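7 is the number of the first residue of the sequence shown in the working numbering; add one for each residue after it.
Backbone N, C-alpha and C fix where the C-beta goes; we use that ideal spot for every residue, glycine too.
Computed from a predicted model, the values in this text were never measured in an experiment.
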Amino acid sequence: MLDNAAIAELLSREAEQASEPLRRAFLRAARKAFLWDHEAYDLLAAGKSLTELEGIGPFLDRKIREWFESHPTHLCAPEIRDEFLTLTRARRLLFDHPNFPKTLQGDLHAHTCWSDGTGTVAEMATAARDRGYRYLAITDHTKALKIARGLNEEQLLDQGKEIGAINVVLAEKAVDLVILRSAEVNLTPLGQADLGPAALSGLDLVIGSFHSALRRSEDQTERYLAALRNPAIHILGHPQGRIFNHRQGLLADWPRVFAEAARLDKAVEIDAYPDRQDLKLSLLRLALKEGARISLGTDAHHPEQLAFMDFALATALLAGYQKDRILNFMSIQELKKWFSDLKAGQFRLH
Ligand SMILES: [Zn+2]
Ligand SMILES: [Zn+2]
């Protein structure tokens, strides 16, 4: 039986043979397959058209039906497309383990229209409240990432005031939700942040992410160790830097990176954005073995994208992570204690 992941792989292979504009249609459908609400085989069994699925028109409907008849084999994906969960599979896994997601407290990676997101802080807060979260970290990009309208020191302060005012309103309305003042700080390939300690020390939580020099083929262990040792950084965001069908991500001595994260009590992220899913399962298993904490973040750029959390939860579940090593299952008090212990530790370790 071809599941949506197998269909995504077949669509990607067709794209490799096709010329424009078909190539683009195959690629788009392959990406969309990860977000389809239903398995294509369920639609077919119900006698429905596959054109109900986003990215699928009559031509691709026929193509996929042919695959169901010809039963293609050898559907292992190459590394650039490997270890990506589909939404349907992630949801099945969580449905089978209902206790796992139940006590999730919040999301620790989300963007707003202050940088390249499309929702306001208030809209993101409403979406977090609707999901029953106790906290949401607003982690907009910082100034070196110009393409994403990264924030400078002054804008970050202004955003902090807006978040403070929203927290006051939430408290007045007795909504049990706190918006965390955070940032996804842009790291240089040497692991240095683009904002100084003065700007970052006022934040509740800081993610550090690499957004450049992501196609290097040589080992990048040193940049990860430098990022983790950077006292301003609490969480290493989308560590590998991979993108589905676009970029394989960096190479490193991952056990060493994760062991250093564990030693410093910092967290490595599962970025749940469907195209990223980074850390991937095999690396997450290494992180678990080394005892590193993990942080789950949707990297949402729109309020509805908070729903991407299912990808991170399912990956953590598959890796065998227990809730006590996942930041997002901490209460807000425990999470704040973890930040403050890390901040206090900066002086001890550096
Ligand atoms: Zn990022
Ligand atoms: Zn992000």
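### Query
Any idea which residues DSSP pairs residue 227 with across the strands?
Your numbering for residue 227 matches position 221 in the sequence shown. DSSP output for residue 227 lists no bridge partner at all.
### Message
Relative to the C-alpha of residue 325, which candidate in 298, 306, 163, 310 has its C-alpha closest?
### Response
To locate residue 325, count along the sequence shown from 1; it is residue 319. With distances taken between Cα atoms, residue 325 lies closest to 298.
### Task
Run the CB neighbour count on residue 361, radius 10 Å, all protein chains shown included, and call it buried at 16 or more, exposed below.
With the chain covering 7 to 356 only, the question about residue 361 has no answer from this structure.
### Query
Less than 7 Å between the CB of residue 305 and some heavy atom of ligand 2, yes or no?
As a working note, residue 305 is residue 299 in the sequence shown. Yes; taking the cut-off as 7 Å, the Cβ of residue 305 has a heavy atom of ligand 2 nearer than that.
### Task
Return the chain-ordered list of same chain residues with a C-beta closer than 6 Å to the C-beta of residue 17, the five sequence neighbours on each side being excluded.
Translated into the one-based positions of the sequence shown, residue 17 becomes position 11. Excluding sequence neighbours, residue 17 sits near 32, 35, 36.
#### Entry: Per DSSP, the bridge partner or partners of residue 192
Start at 1 with the first residue of the sequence shown, and residue 192 comes out as number 186. Residue 192 pairs with 215.
### Query
Helix, strand or coil: how does DSSP classify residue 141 here?
Here the question's residue 141 lines up with position 135 in the sequence shown. Residue 141: strand per DSSP, three-state reduction.
### Message
Is it buried or exposed, residue 258, if we count other Cβ atoms within 10 angstroms and call 16 or more buried?
### Response
Your numbering for residue 258 matches position 252 in the sequence shown. That one is buried.
### Query
Can you round the beta-carbon distance between residue 39 and residue 13 to whole angstroms, since I take them to be within the 8 Å contact cut?
In the sequence shown, the residue the question calls residue 39 occupies position 33. In the sequence shown, the residue the question calls residue 13 occupies position 7. About 5 Å separates the two Cβ atoms, so the contact holds.
### Task
Verify the contact flag: residue 92, CB atom, against every heavy atom of ligand 2, threshold strictly below 7 Å.
As a first step, residue 92 is located in the sequence shown; it is residue number 86 there, counting from the start. No, since every heavy atom of ligand 2 falls outside the 7 Å radius drawn around the Cβ of residue 92.
### Query
How would you label residue 123, buried or exposed, when you count the other beta carbons within 10 angstroms and need 16 or more for buried?
Indexing the sequence shown from 1 puts residue 123 at position 117. By the 10 Å Cβ count, residue 123 comes out buried.
### Task
Ignore the nearest five residues each way along the sequence and tell me which others in residue 193's own chain have a CB closer than 7 Å to its CB.
Walking along the sequence shown from the start, residue 193 turns up at place 187. Cβ neighbours of residue 193 beyond the five flanking positions: 199, 214, 215, 216, 233.
### Task
Considering only heavy atoms of ligand 4, list every residue whose Cβ is less than 6 Å from one of them, following chain order.
Of the ligands this structure carries, namely ligand 1 and ligand 2, none is ligand 4.
### Query
When we look at the beta-carbon of residue 212 and count the other beta-carbons within 10 Å, is it buried (16 or more) or exposed?
One-based indexing of the sequence shown puts residue 212 at position 206. Label assigned to residue 212: buried.
#### Entry: Check: residue 117 C-beta below 7 Å from any heavy atom of ligand 2
Taking the sequence shown and counting its residues from 1, one reaches residue 117 at position 111. True, at least one ligand heavy atom lies under 7 Å from that Cβ.
### Query
Can you name, in chain order, every residue of its own chain whose Cβ lies under 6 Å from the Cβ of residue 286, other than the five neighbours on each side?
Indexing the sequence shown from 1 puts residue 286 at position 280. Same-chain partners within the cutoff: 89.
### Message
Could you check whether the Cβ of residue 145 sits closer than 7 Å to any heavy atom belonging to ligand 2?
### Response
The sequence position of residue 145 within the sequence shown is 139, counting from 1. Result yes, Cβ under 7 Å from ligand 2.
### Query
Per DSSP, what kind of secondary structure is residue 356 in: helix, strand or coil?
In the sequence shown, counting from the first residue as 1, residue 356 sits at position 350. Here the model assigns residue 356 a pLDDT of 45, short of 50, so the residue's position is not dependable and the matter cannot be decided.
### Message
Alpha carbons only, please: which of 75, 220, 157 is nearest the one belonging to residue 201?
### Response
Counting from one through the sequence shown, the residue named residue 201 turns up at place 195. Per the Cα distances, 157.
### Query
Does DSSP put residue 57 in a helix, in a strand, or in coil?
Your numbering for residue 57 matches position 51 in the sequence shown. Residue 57: helix per DSSP, three-state reduction.
### Query
Can you tell me the Cα-Cα spacing of residue 318 and residue 264, whole angstroms?
If you number the sequence shown from 1, residue 318 lands on position 312. If you number the sequence shown from 1, residue 264 lands on position 258. Cα-Cα distance, rounded: 18 Å.
### Task
Could you give the DSSP three-state label for residue 274: helix, strand or coil?
Here residue 274 corresponds to residue number 268 of the sequence shown, with the count starting at 1. DSSP places residue 274 in strand when its eight states are reduced to three.
### Query
Mapping DSSP to helix, strand and coil, what is residue 52?
Your numbering for residue 52 matches position 46 in the sequence shown. Coil at residue 52, not helix or strand.
### Query
So what does DSSP say about residue 222, is it helix, strand or coil?
The sequence position of residue 222 within the sequence shown is 216, counting from 1. It is coil, neither helix nor strand.
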